[in-house]
Amino acid sequence: MEINPILQNVLAPPVLFFLIGAISIFFKSDLEIPAPLPKLFSLYLLLAIGFKGGIEIQKSGFTDQVLPTLGAAILMSLIIPLIGFLILRYKFDVFNSAAIAAAYGSISAVTFISAESFLEGQSIDFDGFMVGALALMESPAIIVGLLLVKFAAPKNRPNSRKMHLSSILHESLLNGSVYLLLSSLIIGFLTAFSNPSAISKMEPFTGQLFYGAECFFLLDMGIVAAQRLPSLKNAGSFLILFAVFMPLFNSLIGVFVARFLSLGPGNALLFVVLCASASYLAVPAAMRMTVPEARSSYYISTTLGLTFPFNIVLGIPIYMTLVNKIIPLPPM
Amino acid sequence: MEINPILQNVLAPPVLFFLIGAISIFFKSDLEIPAPLPKLFSLYLLLAIGFKGGIEIQKSGFTDQVLPTLGAAILMSLIIPLIGFLILRYKFDVFNSAAIAAAYGSISAVTFISAESFLEGQSIDFDGFMVGALALMESPAIIVGLLLVKFAAPKNRPNSRKMHLSSILHESLLNGSVYLLLSSLIIGFLTAFSNPSAISKMEPFTGQLFYGAECFFLLDMGIVAAQRLPSLKNAGSFLILFAVFMPLFNSLIGVFVARFLSLGPGNALLFVVLCASASYLAVPAAMRMTVPEARSSYYISTTLGLTFPFNIVLGIPIYMTLVNKIIPLPPM
Amino acid sequence: MEINPILQNVLAPPVLFFLIGAISIFFKSDLEIPAPLPKLFSLYLLLAIGFKGGIEIQKSGFTDQVLPTLGAAILMSLIIPLIGFLILRYKFDVFNSAAIAAAYGSISAVTFISAESFLEGQSIDFDGFMVGALALMESPAIIVGLLLVKFAAPKNRPNSRKMHLSSILHESLLNGSVYLLLSSLIIGFLTAFSNPSAISKMEPFTGQLFYGAECFFLLDMGIVAAQRLPSLKNAGSFLILFAVFMPLFNSLIGVFVARFLSLGPGNALLFVVLCASASYLAVPAAMRMTVPEARSSYYISTTLGLTFPFNIVLGIPIYMTLVNKIIPLPPM
Amino acid sequence: MKRLDLIFSERELDAIINTLEKANVPGYTVMKHATGRGPERVVTEDMEFTGLGSNAHVIVFCEQELIDQMRANIKSDLSYYGGVAYISEATPL
Amino acid sequence: MKRLDLIFSERELDAIINTLEKANVPGYTVMKHATGRGPERVVTEDMEFTGLGSNAHVIVFCEQELIDQMRANIKSDLSYYGGVAYISEATPL
Amino acid sequence: MKRLDLIFSERELDAIINTLEKANVPGYTVMKHATGRGPERVVTEDMEFTGLGSNAHVIVFCEQELIDQMRANIKSDLSYYGGVAYISEATPL
Ligand SMILES: Nc1ncnc2c1ncn2[C@@H]1O[C@H](COP(=O)(O)O)[C@@H](O)[C@H]1O
Ligand SMILES: Nc1ncnc2c1ncn2[C@@H]1O[C@H](COP(=O)(O)O)[C@@H](O)[C@H]1O
Ligand SMILES: Nc1ncnc2c1ncn2[C@@H]1O[C@H](COP(=O)(O)O)[C@@H](O)[C@H]1O
Ligand code: NA
Ligand code: NA
Ligand code: NA
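Chains as they are written, first to last, in the numbering used here: chain A, 1 to 332; chain B, 1001 to 1332; chain C, 2001 to 2332; chain D, 3001 to 3093; chain E, 4001 to 4093; chain F, 5001 to 5093.
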């Protein structure tokens, strides 16, 4: 009963394409998706998910659940990096600890998308406003990470010109992927509000094409993830364990918060997945610029090489089982 | 009553995506659509609009209106650069005047596409043969521009090896974007004629996807346009005024010609937009090769940085108001 | 009666786009589809054709015809390079003969796709398992080619470090395009088996978009093919004749094998096209690495510059006529 | 004349170009999408879509004085963020 | 041996390659999608899809004599259309 | 310090990087998508999607000794598969 959802998940096209991407690296195939094609799919997915989310939010309106859920989402993205930081400090310096912790406090949009596809495959409902939670959880962890560096390591730094509050806010809120997701969300909202006929004209692009483009992108992500693995070895076993147990730990907190918020099973899974996923777009970009002392291979290899595949292949069905166990079915 | 169509236009997804692209530059976001992705969308839009236009022309046949409209379109693309040249000569040398004037005599396919989307949003009909006018108006202005250089500046030029008539025709007719639009038009025509079942097989690609791809491309165009603005400052206020008033002036001529041709409001708007828009694909390519004395930043910054955004955001609804005021509703 | 199918074929959008691509080169238009956009379409087509083929195979099951046809396909891809090698040895050394022969023993997925489009245009049925034949025919010819080099030229080679059997298998089975096609086929099969609801979610991407993407890619292929033509001149008339007569010869063998297998006209055409087409993806990649002594311009110019256009424009309708003449209509 | 080759993360491109412009170099050329390995980092093509991006290779042909003038700024940028800078001789055609 | 670096608008690539081929250079390498600034123009990546395109960086390893032979042609191309050309020393490995 | 420029088919990139890594070079930079012509082959952009791919341009700044150490391996790779290698002088900024 616990293997079944995992197998079902693994046999869905997005996960299968992810796996063949990864396998191509182990077999040293020369399959390659050259730059900037992955960027095209990455931009497309952010635009489409934001746009559709905006429409859904406008349609469903701000129900009772929306504000508490969004608030809890932001809270989680503030707390998780603090916990992560404390754990990582056992082994790493302030810079690396803060950078890695920030990545785990933030989110991965593609993991979120995969969870949505999983729910659709199981015919479980979820709400559009969860995309709002996705968008709101990208940035706060970056701010926490940078503040941790600012206050925990004030004297070590030869050159802290980039650490003014304004540049911290800039890096966290105006990062390309944050900006595209948020502004597509707003456009979706405005369109549903003032121009509903345009929704059906966008639908073939943002809706129908989405699942296939997701598969194509996951094929690339499989390649990328598998290419990160060797550098994980250098990172040491502490970090490898962290990359698997931190998402599990975060999912546990997440599922109890979801229960407290009385979220339905679909929304609950998405909430848990947001807590459990880690960022490889916005956070690395911000950390590379503002905390160059941190080794980028640490925060990239763990998030992309281990946490992402773990979540895509095993995590999502595990979290679903967790949700089903811990959250009582809603009355009705 | 005059603000309403502008607001309505601004709240449509293509214009909204254009605006968030532009805003991303003002906020110094690192959102970026790396080359050659914009080229992909640019090629796609030319192919799709040509193909669909060719089908429409075959379907509707050559009605009474077609030939006069196409003739008037070509005439406009010959006259506008002459007027522009005379105006620009107050401030600029022959080379720059001819190059800028040629850009304003030619057209912008994306402005045309935006006008079509605007009409669809307002449920106003227009005819497929207007794509023929689009295709026919790309080249003549290039020829006029090059002839102006050839005759107005015969002795200044150290090296005029490129100015044979054959190379003028080559640059104007075989430019990649002209060629792709024209040949897609012919393919659409031939397909509708001899292979109508293929139309529905193309429809998901050239039809359904179009609106979304247009939005994505306009996101990039917003970025590009906003990045041109700083160099406009160097261009001086004369050129800035030219970039706004020349399209308005051209739209005025255009609307009276459209009235004279008894075009319906949809076709009339498209005709006016063709007159008012300026080229950033075919003309710069041709001018860079044949009139290297002209500063490319002049003709690119004005067309892309000011005229294009002006037309997309404000121009189209203004021209619609103009059309509604000046052209009597067709009987029936 | 024989010109009719050719004209009909030439007036279909994919072939028309191919032709305008080629014509753009003859007219020296600067139309260009910059790298890596062609790779995007190439990857997409392989993924989509594999996925759809896998679904079809699962749906139709392994009928009586499947195994004999697949076996015959493999056999053809072993025999054709041997014949080709014998012919080419009249003029070329072992290295060049083996490399060119391998290319003609293998297949071109886009030629196959064009034949499918041709059949759909003529409303002739064909079976999904033919994609299996496509996938199985890519590699064996590579192995034959490398074995020919290994045994026919053992002493000439200064450096044969790459010619271990393991590396021969690696180059032939793990080439990117072979791998993507095969694994997409498996994913399609698994999806149809365990996750049929996902098929309709993939359909807009792998199905509806396919025809348009094929047209876009053929536009590029027209450009590429026409750019190969000048280097064909250097290759000499023997190779030029080979590039046209070898496919015709292979189609003749193919049609008799198809008759022997009692294939219906649709499957027969696809089988013949597989025999007649030549590889420009998997084989050149493998030969470049393992037989650097062979001139890549020989095997690329013939396959891309002549055989591919010949098959797309004239070959397919000719083969159809052949199939109709030689294969009796199935009873019923 | 000298040729200055700068290779560093494209995320620092704006900072470096600022330095070049402030020194009034006669021109510069930027090639993006470079990958590689340095003492500190491996940069691979497959990571380009992530927040890390790839490297930029900047070439500047200019006089030695200009280089001397920019040296401190460039060195500070590169030492903080990583990257290499090399000078060689070059003669205008 | 010498190394010749040419940087100019990709629109002039055919003309320059013609010049190189006529001089029978042993080979050349082309890197497109370069951007930059020169005395006359700024070339940016975002403009690549427009009619202006970006720059090409051409490297030629060849003997000094060949360079002398091509000098006039290259200079004329570059002076008319813009671009830079620099020579440096290079030794085959 | 020296600058080593290697230009060859991207299909041989892994082999060459192996050679560099074995010699413990301090770093290297790779620029792909280069095209060109050599004594043996023409490499064009339009062929990049086929099995042939395009060229890679690899730059290594390192000491002369390392180059001497790698010479044999690199030469063997390049002679078998094609490509060029040139050394020039370079001074760290
Ligand atoms: N010795 C070297 N030779 C050539 N390129 C180098 C060398 N060292 C570093 N690089 C380049 O500089 C980039 C930044 O290096 P790093 O200092 O490790 O951040 C690397 O990714 C390489 O592209
Ligand atoms: N001093 C320089 N150093 C490096 N690249 C240059 C220099 N001057 C010009 N360039 C390059 O040459 C291109 C053409 O310059 P221009 O002569 O302004 O058209 C520029 O876009 C730069 O990429
Ligand atoms: N003399 C040269 N100067 C610059 N690049 C060269 C030269 N010779 C060869 N190349 C480059 O090296 C690649 C491989 O050459 P080949 O040895 O013909 O395979 C060519 O495609 C060019 O990019
Ligand atoms: Na998280
Ligand atoms: Na105009
Ligand atoms: Na074949």
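Ideal Cβ placement from N, Cα and C applies to all residues, glycine included. Being a predicted model, the structure only gives us computed values, none of them experimental.
Compute every distance between the C-beta of residue i and the non-hydrogen atoms of ligand 5, then say whether any falls below 7 angstroms.
| i | result |
| --- | --- |
| C:C2275 | no |
| B:N1250 | yes |
| B:S1172 | no |
| A:V262 | With the sequence shown as reference, residue 262 of chain A is identified as Ser, and Val is not the correct amino acid for it. Not so, every heavy atom of ligand 5 lies at least 7 angstroms from the Cβ. |
| B:G1105 | yes |
Using a threshold of 7 angstroms, is the CB atom of residue i nearer than that to any non-hydrogen atom of ligand 6?
| i | result |
| --- | --- |
| C:G2084 | no |
| C:A2278 | yes |
Does the beta carbon of residue i come closer than 8 angstroms to any beta carbon on chain B?
| i | result |
| --- | --- |
| E:E4045 | yes |
| C:G2053 | no |
| C:S2024 | yes |
With a threshold of 8 angstroms between beta carbons, is residue i in contact with chain D?
| i | result |
| --- | --- |
| F:Y5086 | no |
| E:I4016 | no |
Would a check of beta-carbon distances place residue i closer than 8 angstroms to chain A?
| i | result |
| --- | --- |
| B:F1112 | no |
| D:R3003 | no |
| C:M2287 | no |
| D:G3083 | no |
| B:I1020 | yes |
For residue i and chain C, any beta-carbon pair shorter than 8 angstroms?
| i | result |
| --- | --- |
| A:L31 | yes |
| A:M1 | For A:M1, the predicted structure reports a pLDDT of 43, less than 50, and the residue's modelled location is therefore unreliable. The matter cannot be settled from this model. |
If you measure from the CB of residue i, is any heavy atom of ligand 1 nearer than 7 angstroms?
| i | result |
| --- | --- |
| A:Y299 | no |
| C:Y2179 | no |
| D:N3055 | yes |
| B:Y1211 | no |
| D:R3041 | yes |
Considering only heavy atoms of ligand 2, does any lie closer than 7 angstroms to the CB of residue i?
| i | result |
| --- | --- |
| D:Y3086 | no |
| D:A3034 | no |
| B:V1110 | no |
| E:G4082 | yes |
Is any beta-carbon of chain F found at less than 8 angstroms from that of residue i?
| i | result |
| --- | --- |
| E:F4061 | yes |
| E:L4093 | yes |
Could you confirm whether any beta carbon from chain E is found closer than 8 angstroms to the beta carbon of residue i?
| i | result |
| --- | --- |
| F:E5089 | yes |
Within the present structure, is the beta-carbon of residue i separated from the nearest heavy atom of ligand 3 by less than 7 angstroms?
| i | result |
| --- | --- |
| E:C4062 | yes |
Please determine whether the Cβ atom of residue i lies at a distance below 7 angstroms from any heavy atom of ligand 4.
| i | result |
| --- | --- |
| A:I80 | yes |
| What are the residues of the stretch 1101-1135 of chain B that lie near chain A, defined by any Cβ-Cβ distance shorter than 9 angstroms? | Along the stretch 1101-1135 of chain B, the positions whose C-beta sits under 9 angstroms from a C-beta of chain A are S1117, E1120, G1121, S1123, read in chain order.
| task | Name, going along the chain, the residues of the stretch 1297-1330 of chain B whose beta-carbon falls closer than 8 angstroms to a beta-carbon of chain E. | result | So the close ones are S1297, I1300, L1304.
| query | When you check each C-beta in the stretch 4027-4042 of chain E against every C-beta of chain D, which residues fall closer than 8 angstroms? | reply | Answer in chain order: M4031, H4033, A4034, T4035, G4036, R4037, G4038, P4039.
| request: Quick one: which unbroken alpha helix (DSSP H) runs of 4-plus residues sit fully inside the stretch 2292-2324 of chain C? Chain order, please. | output: Counting only runs of 4 or more, we get 2296-2300.
| message | If we require 4 or more residues per run, which alpha helix (DSSP H) segments fall completely within the stretch 1074-1140 of chain B? | response | You should have 1094-1105, 1109-1121, 1129-1136.
| request: Please name the residues in the stretch 4049-4075 of chain E whose beta-carbon is closer than 7 angstroms to at least one beta-carbon of chain B, in chain order. | output: Flagged, chain order: F4049, T4050, G4051, L4052.
| message | List, from N- to C-terminal side, the alpha helix (DSSP H) runs of 4 residues or more that fit wholly inside the stretch 2172-2254 of chain C. | response | You should have 2176-2194, 2197-2202, 2210-2235.
| request: Please list the residues of the stretch 2175-2188 of chain C that have a C-beta atom closer than 7 angstroms to any C-beta atom in chain A, keeping them in chain order. | output: Taking 7 angstroms as the Cβ-Cβ cut-off, the stretch 2175-2188 of chain C approaches chain A at N2175, G2176, Y2179, L2180, S2183, I2187, given in chain order.
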